[in-house]
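Numbering (my numbering), first residue to last: 41 to 216.
Since the structure comes first, as structure tokens, the remarks are kept for the end.
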Amino acid sequence: MSVTAKDFEPYVGLQGKPLKAAMPLEKDTLRRFAQAIMDRDPLYFNEEYAAKTVFKKLVAPPLYPAHAFRTAADAPDPLVSVQEDPNADGTAGNDGMYFGLDPIPMPFKRLLNGGNEIEFFRCLEVGERCVAQAKYANIVLKEGKNGQMLLVDIETTFRTEVGDLLLINRQTLIWR
């Protein structure tokens, strides 16, 4: 099935609904995340140390907001999807790319991460909840030596519930 650039024009600028993290950042979640990324900065777990910094309290590493969206405790088990569909990836839609955007219908099946550009504004503090909103910033259909490919730029803005800007992630996805 061949597609044209016009097929994708209606999606450029399309914004998803804001997606709220299941819960605010908790101290134990922050501790486990810092351990997982092997970052022993006391800013993430030592309240006395954090109080003497510019942050004044415990904060998450700068990239944490992109990982704050996990399956809620009362949500269906995401691994059930793998039992029902052997081609499912087990993320239950929490794949870290779309953040509330509906995927674009397309004939391409292979996906490559074309890279991320991230602009940081501030760190998420313990007790704050992250809200993400994504939009299709640009979509380009190109002809490669092995056929068509689709370059999709998704811009996701991460804020606190009160609207403080945390970071903006611009990700390019390459579909073939």
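By construction, the Cβ of each residue, glycine as well, lies at the ideal position given by its N, Cα and C atoms.
Q: Could you say which of Leu119, Pro126 and Ala108 lies nearest to Leu206 if we only look at CA atoms?
A: Ala108
Q.
Measuring straight from C-alpha to C-alpha, what distance separates Gly154 and Arg210?
A. 10 angstroms
Q: Locate the alpha helix (DSSP H) running through Arg71, then write down its first and last residues.
A: Lys67 to Ala76
Q | Backbone CA spacing between Val52 and Tyr89 [nearest angstrom] | A | 45 angstroms
Q | Terminal residues of the beta strand (DSSP E) in which Val192 lies | A | Gly187 to Thr200
Q: Quick one: using the 10 Å Cβ neighbour count with 16 as the cut-off for buried, is Arg150 buried or exposed?
A: Classification of Arg150: exposed, given that the 10 Å Cβ count is below 16.
Q) Is the beta carbon of Ile208 less than 8 angstroms from the beta carbon of Glu168? A) no
Q.
What residue range does the alpha helix (DSSP H) around Gln17 cover?
A. Because the chain spans 41 through 216 in this model, residue 17 falls outside it and cannot be assessed.
Q) Should Thr93 be labelled buried (16 or more other beta-carbon atoms within 10 Å of its own) or exposed? A) exposed
Q. What number of angstroms, rounded off, separates the C-alpha of Val180 from the C-alpha of Phe85?
A. 44 angstroms
Q. When you compare only the Cα positions, how much space is there between Asp79 and Thr111?
A. 24 angstroms
**Q.** Assigned exposure category for Thr197 - 16 Cβ within 10 Å defines buried
**A.** buried
Q.
Can you tell me whether Arg199 is buried or exposed? The criterion is at least 16 other CB atoms within 10 Å of its CB, across all chains shown.
A. Its Cβ being crowded by 16 or more others within 10 Å, Arg199 is buried.
Q) Within the chosen definition, does the stretch 174-191 reach the stretch 60-78 through at least 3 CB pairs nearer than 8 angstroms? A) no
Q.
Please report the straight-line C-alpha distance between Asp142 and Pro82, rounded to a whole angstrom.
A. 39 angstroms
Q.
Need the endpoints of the beta strand (DSSP E) that Tyr176 sits in, please.
A. Cys170 to Gly184 is the extent of the beta strand (DSSP E) around Tyr176.
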